[in-house]
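Going by mature numbering (1 follows the signal peptide of the UniProt record, and there is no 0), the letters in the sequence shown line up with residues -25 to -1, 1 to 374, in that order.
Quick reminder that beta carbons are idealized off the backbone N, C-alpha and C, glycines included.
All figures in this text were calculated on a predicted structure; none of them were measured in a lab.
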Amino acid sequence: MKMLRSRYSFIVLLIFVSGVIQAKADDFKCPKASRCYGKRMECPKNCPSANSMNTKAKVCTVDCNSNSCKPHCKHVKGMPLPAKPEYFRCHPASRCQGKLMECPNECPSVKFSKKKAKVCYVNCDSPVCKPQCRHPKPNCDGPGSACHDPRFIGGDGIVFYFHGKSNEHFSLVSDSSLQINGRFIGHRPADRARDFTWIQALGILFNSQKFSLEATKAATWKSEVDHLKFSYNGEDLVVPEGALSLWYSPQKDVKVERVADKNTVIITLKDTAEIMVNVVPVTKEDDRIHNYTLPADDCFAHLEVQFRFFALSPVVDGVLGKTYRPDFENPAKPGVAMPVVGGEDKYRTTSLLSADCLSCLFSPESNSTSTKETPSVKEYDFLDCTRGASAGYGIICKK
C-alpha cells in the first residue's frame, strides 16, 4: 500500500514539475538599433507568454524603445470566434408553417452589421422554405432597380433614364392585378431646361388595397433618424423601428419588414412581387459632381428601389414594367451612354394612388378571371448566376 502511494506521489510531482517547466516565462533581447539595446527582459509571472490562445488572457508585450525598458501585461484583442448561426421560426400561418430554419455559415445573422455584408434572409412565404444569404439593400446595378436621378435597369438588364417631372406621378408598373406608381421630386437650376428628379414615394394598388411609402423631407440628412413614412388604405401606418420589425395587412397578403433599424424595408406582395427600398439623400458630393446646385434647406431624401416580380402578365406596362414583356424591344440605341426614355404623357397619373394613366391596365374587378386565362411572366427568386455581381435579383439562370 505504501509502495502504491509513493508511486502516485511521484507521478503527481512529475506533473507539477512539468507544469512549472511549461510555464517558464518568455524572455526577450532588444535589437541593437533600439533604446533598450542589449537588455534582456523576462515576462512577468502573471503573463509569462507573448502568445495566448485565450482571447481574454493578458499577454506579455515588450516595447524596446520605451524609457522603462520593462515588459508589460496587456489585453490584446485576439481573432474573433466565428459567429454562431441564428435560428428563425416561421409564423404558423405562413406557407412554411412554423418551420425552424438555421442561417447558413456564410451569413449567420439576420441583422445588418457591415456595409456590403450579406445577411440571413428568411422568406416564410416562399415555397423553398430555406434561409438565403443576400444583401439587405437594393442593388442599384441589378435588374429591376430604380435609383439615383432616376436610373432604371429593366427586366432585360439594359440601363435607361426616365426623368419625368417634379411633383408629378408616373406609372412604373401597371398590370391587371398590380399598379405601382412613383412620385417624382426635383430641382431645376436657373440655366436648365428640365428638372433634376428623384423618386420620393411609391404608391401600390394590390387586391383592392392601397399602400404607400415615402421619404420624408429633411433639410440635412441624419442617418440616426428614420425617414420612412407609410400609409395603408388612406390611414397612416406605423412600422416600429428596428431590424426584423414586421407589419402584415389584415389579409396577410401585404408584408412590410424592416431589414435595418431605420430607412430600409422589404415589401412583399403575396405571390406577386417583392420590393426592396432604401432611403438616401442627395449628398454634397453628388451635388458637386452633377452640378445640381441644390438649395441649403433640402437634401432631397429619396428612394432607392429594386423590384422582383413573380406573376406579371405578358402585356404588363409602365416605365419599368414594359421591360418585362416577352416581346419587349428596348428603344435605347446601342452605345449611348445615357439613353433617355420619354412617354411622360403616357405614364402620368393624377395622384400617387391612381391608375388613370393612358397606358394603365390595373383592373381589380377583372383580376379573378384574367389571372386564370393569361399566362404569367415570372422571375425566379433565390438564384444568383452572377457570383455576387447582381445579388441574385431579377436573374433567370439558363444552362
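Could you compute how far the alpha carbon of residue i sits from the alpha carbon of residue j?
| i | j | result |
| --- | --- | --- |
| residue 33 | residue 5 | 21 Å |
| residue 207 | residue 262 | 34 Å |
| residue 285 | residue 181 | 14 Å |
| residue 327 | residue 69 | 30 Å |
| residue 200 | residue 237 | 7 Å |
| residue 123 | residue 235 | 21 Å |
| residue 158 | residue 239 | 18 Å |
| residue 363 | residue 109 | With a pLDDT of only 41 at residue 363, under 50, the local geometry of the prediction cannot be trusted, and the value read off the model is given with reservation. If I take the Cα positions, the gap works out to 9 Å. |
| residue 60 | residue 85 | 9 Å |
| residue 225 | residue 209 | 15 Å |
| residue 241 | residue 49 | 45 Å |
| residue 167 | residue 176 | 24 Å |
| residue 125 | residue 269 | 16 Å |
| residue 303 | residue 297 | 7 Å |
| residue 135 | residue 264 | 20 Å |
| residue 183 | residue 223 | 15 Å |
Is the separation between the beta-carbon of residue i and that of residue j shorter than 9 Å?
| i | j | result |
| --- | --- | --- |
| residue 244 | residue 147 | no |
| residue 82 | residue 62 | no |
| residue 112 | residue 279 | yes |
| residue 164 | residue 267 | yes |
| residue 221 | residue 213 | no |
| residue 290 | residue 150 | yes |
| residue 98 | residue 107 | yes |
| residue 254 | residue 271 | no |
| residue 141 | residue 172 | yes |
| residue 301 | residue 316 | no |
| residue 186 | residue 229 | yes |
Which term fits residue i, buried or exposed, when burial requires 16 or more other beta carbons within 10 angstroms of its beta carbon?
| i | result |
| --- | --- |
| residue 42 | exposed |
| residue 292 | buried |
| residue 336 | buried |
| residue 12 | exposed |
| residue 202 | buried |
| residue 169 | exposed |
| residue 312 | exposed |
| residue 179 | buried |
| residue 120 | buried |
| residue 260 | exposed |
| residue 219 | exposed |
Can you give me the Cβ contacts of residue i inside the same chain, cut-off strictly under 6 Å, excluding the 5 residues immediately before and after it?
| i | result |
| --- | --- |
| residue 249 | 243, 283 |
| residue 198 | none |
| residue 129 | 298 |
Please confirm whether any heavy atom of the ligand NAP lies closer than 8 Å to the CB of residue i.
| i | result |
| --- | --- |
| residue 326 | The model depicted lacks the ligand NAP and carries no ligand whatsoever. |
Give every residue of the same chain whose Cβ lies closer than 7 Å to the Cβ of residue i, excluding the five residues on either side of it in the sequence, and list them in chain order.
| i | result |
| --- | --- |
| residue 274 | 193, 194, 195, 196, 256, 257 |
| residue 246 | 285, 286 |
| residue 71 | 65, 99, 104 |
| residue 96 | 106, 107, 109 |
| residue 143 | 159, 323 |
| residue 80 | 60 |
| residue 67 | 73 |
Any beta carbon from chain B within less than 9 Å of residue i's own beta carbon?
| i | result |
| --- | --- |
| residue 134 | The structure shown contains no chain B; it holds only a single protein chain. |
Considering only residues of the same chain and omitting the five flanking positions on each side of residue i, which have a CB-CB separation below 8 Å?
| i | result |
| --- | --- |
| residue 211 | 204, 205 |
| residue 10 | 39, 40, 41, 42, 44 |
| residue 145 | 137, 139, 156, 157, 159, 294, 319, 322, 323, 324, 332 |
| residue 216 | 201, 233, 236, 237 |
Going by DSSP, which residues form a beta bridge with residue i?
| i | result |
| --- | --- |
| residue 177 | 157, 188 |
| residue 171 | 162 |
| residue 253 | 239, 279 |
| residue 227 | Residue 227 is not bridged to any residue. |
| residue 49 | 34 |
| residue 315 | 136 |
| residue 109 | 94 |
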